[in-house]
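**Student:** Adding 16 to a residue's 1-based position in the sequence shown gives its number in this note's numbering. Dropping a structure here in structure tokens format, bear with me for questions.
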Amino acid sequence: MRNSLATELLFALSRPGRRAARFPDCDVPLQPLDELVPSQHLATADREKRPTLPELTEADVIRHFHNLSTLNMSVDTHFYPLGSCTMKYNPKRHERLAGLPGLVDLHPYQRINDQQGMLALLYDLQKMLAEISGLPAVSLQPAAGAQGEFAALLVASAWFRSRGESRSRVLFPSSAHGTNPASAAIAGFECLQLKEGTDGLVDLAELEQHLDENTAVFMITNPNTLGLFEQQIEEITEKVHAVGGLVYIDGANMNAIMGITRPGDFGGDMMHFNVHKTFTGPHGAGGPGAGPIAVREELSEFLPGPIVTSNLDDDGNPHFQLEDPPRSIGRVRSHFGNVGILVRGYCYLRTLGPDGVRDVARHAVLNANYLKSLICDLLPVPHGQHCMHEFVASAARLKEERDISAMDIAKRLLDFGFHAPTVYFPLVVPEAMMIEPTETESKRTMDAFAETIRTIAAEDPGFLHEAPHQTPVSRPDDVQAARHPVLSWTPEDGS
Ligand SMILES: *Cc1c(COP(=O)(O)O)cnc(C)c1O
Numbered sequence: 017m018r019n020s021l022a023t024e025l026l027f028a029l030s031r032p033g034r035r036a037a038r039f040p041d042c043d044v045p046l047q048p049l050d051e052l053v054p055s056q057h058l059a060t061a062d063r064e065k066r067p068t069l070p071e072l073t074e075a076d077v078i079r080h081f082h083n084l085s086t087l088n089m090s091v092d093t094h095f096y097p098l099g100s101c102t103m104k105y106n107p108k109r110h111e112r113l114a115g116l117p118g119l120v121d122l123h124p125y126q127r128i129n130d131q132q133g134m135l136a137l138l139y140d141l142q143k144m145l146a147e148i149s150g151l152p153a154v155s156l157q158p159a160a161g162a163q164g165e166f167a168a169l170l171v172a173s174a175w176f177r178s179r180g181e182s183r184s185r186v187l188f189p190s191s192a193h194g195t196n197p198a199s200a201a202i203a204g205f206e207c208l209q210l211k212e213g214t215d216g217l218v219d220l221a222e223l224e225q226h227l228d229e230n231t232a233v234f235m236i237t238n239p240n241t242l243g244l245f246e247q248q249i250e251e252i253t254e255k256v257h258a259v260g261g262l263v264y265i266d267g268a269n270m271n272a273i274m275g276i277t278r279p280g281d282f283g284g285d286m287m288h289f290n291v292h293k294t295f296t297g298p299h300g301a302g303g304p305g306a307g308p309i310a311v312r313e314e315l316s317e318f319l320p321g322p323i324v325t326s327n328l329d330d331d332g333n334p335h336f337q338l339e340d341p342p343r344s345i346g347r348v349r350s351h352f353g354n355v356g357i358l359v360r361g362y363c364y365l366r367t368l369g370p371d372g373v374r375d376v377a378r379h380a381v382l383n384a385n386y387l388k389s390l391i392c393d394l395l396p397v398p399h400g401q402h403c404m405h406e407f408v409a410s411a412a413r414l415k416e417e418r419d420i421s422a423m424d425i426a427k428r429l430l431d432f433g434f435h436a437p438t439v440y441f442p443l444v445v446p447e448a449m450m451i452e453p454t455e456t457e458s459k460r461t462m463d464a465f466a467e468t469i470r471t472i473a474a475e476d477p478g479f480l481h482e483a484p485h486q487t488p489v490s491r492p493d494d495v496q497a498a499r500h501p502v503l504s505w506t507p508e509d510g511s
């Protein structure tokens with residue numbers, strides 16, 4: 017429970033003369049404001065009417081901002097099963113390490129000899145990402161997954177041009193994340209969306225029908241946004257290669273497969289990592305992120321620079337420098353990329369090591385399958401008997417039988433102290449609820465979440481339509497959206 021003081025504005029809490037600190041008496045003559053600022057620039061010459069600042073004690077201010085910070089949900093306060101874009105584990109130790117003075121006080125314009133520590137770290141990170149992806153050349157430049165997609169598509173474009181080819185089309189399945197077509201369009205390609213098969217996977221016949229000498233890139237997320245591993249990934253990549261196209265792997269779901277299989281091994285030519293998702297970078301509301309890309313050797317000379325390279329100095333010690341690849345598409349971000357997030361990713365990988373990385377993937381998959389088994393009788397999961405790190409359940413039956421929508425459940429979960437899962441995405445599942453528990457959640461938390469879903473499903477639908485009831489802000493005008501979800505969406509809408 018919160019009392020009314022917790023949500024009042026600072027101006028309402030203000031009382032004349034309240035202070036957080038007491039200053040010594042002024043020992044210089046006071047300068048009237050009108051003498052410092054010419055009167056025509058003052059909002060009002062009337063001293064009484066001038067805007068004032070709230071007058072408050074220290075406790076007023078601390079409580080105000082602290083209370084505001086607790087009105088939100090976060091990974092530090094609540095279970096956060098948002099699918100696909102999940103904020104993963106954010107180890108507190110990483111904050112201390114990323115905040116080491118030697119790292120934060122470094123300036124990118126310092127002499128290269130003074131930056132050797134940071135460059136060694138970034139060099140190792142490039143190597144680790146190359147190992148995890150099975151693709152040898154890495155650029156740490158892009159600041160997010162979406163920017164990685166964009167940069168890699170420019171690399172593909174430059175590569176085709178260097179071979180005298182002008183391929184103009186990018187294909188992707190309809191379960192693709194919206195950034196895939198957006199990146200392709202901004203990179204100057206035309207986009208074609210393919211319907212997946214009834215099993216939620218790429219339909220080989222449909223793919224084959226649309227592949228031709230104009231196909232530049234096939235973008236595929238594996239495991240896909242339905243939480244399914246594309247079983248025929250090798251046939252898929254072979255078919256794309258057979259017409260001379262490239263395969264882009266959207267690596268947002270790498271936490272399900274890292275250490276177990278590698279995009280480079282199943283035929284991917286390029287990919288991005290979302291360091292902020294897979295490798296613990298704390299993020300939310302759009303950043304900060306890091307979206308390094310990894311590519312095959314033959315594409316490496318087009319990568320955005322600088323790349324950290326190493327050779328041995330006269331004493332046989334490694335010396336690091338920054339190099340722009342010979343035919344680089346240029347820079348997509350200043351300096352070495354979003355270093356603060358890259359450092360956290362590095363810490364995570366060094367902490368876990370190869371076996372730990374594999375365990376993360378195993379536990380992510382185990383947890384998702386456990387949670388799925390607890391709720392799939394109530395919220396059926398249309399695709400796949402087993403899922404990878406996430407699953408997409410459907411509230412369509414509940415909607416039909418009891419008029420309870422995915423939106424109603426999502427909103428009501430907030431009252432019970434659970435962040436909502438991703439809803440109404442991917443579009444191929446009606447009343448979709450995309451749930452990703454992540455590898456760090458305990459059985460107890462998942463049991464409680466499943467139990468709450470059951471409680472909600474038994475509640476009065478009218479009451480649920482108005483949920484949430486306990487949060488500082490009730491349901492905004494997306495009530496309308498909830499009554500008319502995007503069920504009627506078809507790929508032809510192009511929306
Ligand atoms: C998050 C996500 C992206 C975009 O990554 P950002 O880092 O948010 O730009 C792309 N594809 C999938 C499947 C994602 O989940």
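Here a beta-carbon is modelled for each residue, glycine too, at the ideal position from N, C-alpha and C. Just so we're clear, the structure is a prediction, and the values are computed from it rather than from any experiment.
Cβ-heavy atom distance between T68 and ligand 1 below 7 Å?
**Tutor:** no
**Student:** Using the C-alpha atoms, what's the distance from G267 back to L208?
**Tutor:** Our two residues, L208 and G267, have alpha carbons roughly 20 Å apart in a direct line.
**Student:** Three or more beta-carbon pairs under 8 Å between the segment 233-241 and the segment 254-273, yes or no?
**Tutor:** yes
**Student:** Say whether the segment 273-284 touches the segment 407-425, bearing in mind that this needs 3 or more beta-carbon pairs closer than 8 Å, one atom from each stretch.
**Tutor:** no
**Student:** Which residue wins for smallest C-alpha separation from S30, given the options Q47, F336, Y139, T68?
**Tutor:** T68
**Student:** Should S100 go down as buried or exposed, given a rule of 16 or more other Cβ atoms within 10 Å for buried?
**Tutor:** buried
**Student:** Mind listing which residues have their beta carbon within less than 5 Å of any non-hydrogen atom of ligand 1? Chain order is fine.
**Tutor:** Having a Cβ closer than 5 Å to some heavy atom of ligand 1 are S100, C101, A160, G161, A162, H193, T195, T237, D266, A268, N290, G305.
**Student:** Tell me the DSSP bridge mates of T325?
**Tutor:** Note: T325 sits in a beta bridge opposite Q337.
**Student:** Which residues bound the beta strand (DSSP E) around I5?
**Tutor:** The question about residue 5 has no answer, for the chain in this structure spans 17 to 511.
**Student:** Using only alpha-carbon positions, find the residue among Y362, K255, L25, L46 that is nearest to A136.
**Tutor:** Y362
**Student:** Among residues of its own chain, excluding the 5 on either side of P304, which ones have a beta-carbon nearer than 6 Å to its beta-carbon?
**Tutor:** Beyond the five residues adjoining it in sequence on each side, P304 comes within less than 6 Å, by CB distance, of N354, I357 in the same chain, given in chain order.
**Student:** Suppose contacts are defined by Cβ-Cβ distances below 8 Å. Is S199 in contact with E165 by that definition?
**Tutor:** yes
**Student:** Here's the rule I'm using: 16 or more other beta-carbon atoms within 10 Å means buried, otherwise exposed. How should P501 be labelled?
**Tutor:** Here the model assigns P501 a pLDDT of 47, short of 50, so the residue's position is not dependable, and the following value carries that caveat. Looking at its Cβ environment, which holds 16 or more other Cβ atoms inside 10 Å, P501 is buried.
**Student:** Confirm, please, whether the CB-CB distance from R428 to I472 is below 8 Å.
**Tutor:** yes
**Student:** Could you name each continuous beta strand (DSSP E) segment of 3 residues or more that falls completely within the segment 120-162, going from the start of the chain to the end?
**Tutor:** 153-155
**Student:** Which residues does DSSP list as the beta-bridge partners of F188?
**Tutor:** According to DSSP, F188 bridges with Q209.
**Student:** Leaving aside the five residues before and after G280 along the sequence, list all residues of the same chain whose C-beta is less than 6 Å from its C-beta, in chain order.
**Tutor:** S149, G150, L151
**Student:** Roughly how many angstroms separate the alpha carbons of L58 and R66, rounded to a whole number?
**Tutor:** 9 Å
**Student:** Cβ of A422 within 8 Å of Cβ of E452?
**Tutor:** Against a cut-off of 8 Å, the Cβ pair of E452 and A422 comes out as no contact.
**Student:** What's the gap between the Cα of H481 and the Cα of P488?
**Tutor:** Rounded to the nearest angstrom, the two C-alpha atoms are 17 Å apart.
**Student:** In whole angstroms, what separates the C-alpha of R4 from that of Q47?
**Tutor:** Residue 4 is absent from the model: the chain starts at 17 and stops at 511.
**Student:** What are the boundary residues of the beta strand (DSSP E) that includes D266?
**Tutor:** From DSSP, the beta strand (DSSP E) with D266 extends over 262-266.
**Student:** DSSP three-state label for F465, please.
**Tutor:** helix
**Student:** For S410, write down the residues that DSSP places opposite it in a beta bridge.
**Tutor:** A448
**Student:** Have a look at R34 and P70 and give me their C-alpha separation to the nearest angstrom.
**Tutor:** Using only the alpha carbons, I get a separation of about 9 Å.
**Student:** How long is the line joining the alpha carbons of L503 and D424, rounded to whole angstroms?
**Tutor:** Because L503 sits at a pLDDT of 40, beneath the cut-off of 50, its placement in the model cannot be relied upon, and the following sentence gives the value as read from the coordinates. Their backbone Cα atoms lie some 15 Å apart in a straight line.
**Student:** Judging by CA-CA distance, which residue of I128, R127, A167 is the nearest neighbour of A310?
**Tutor:** A167
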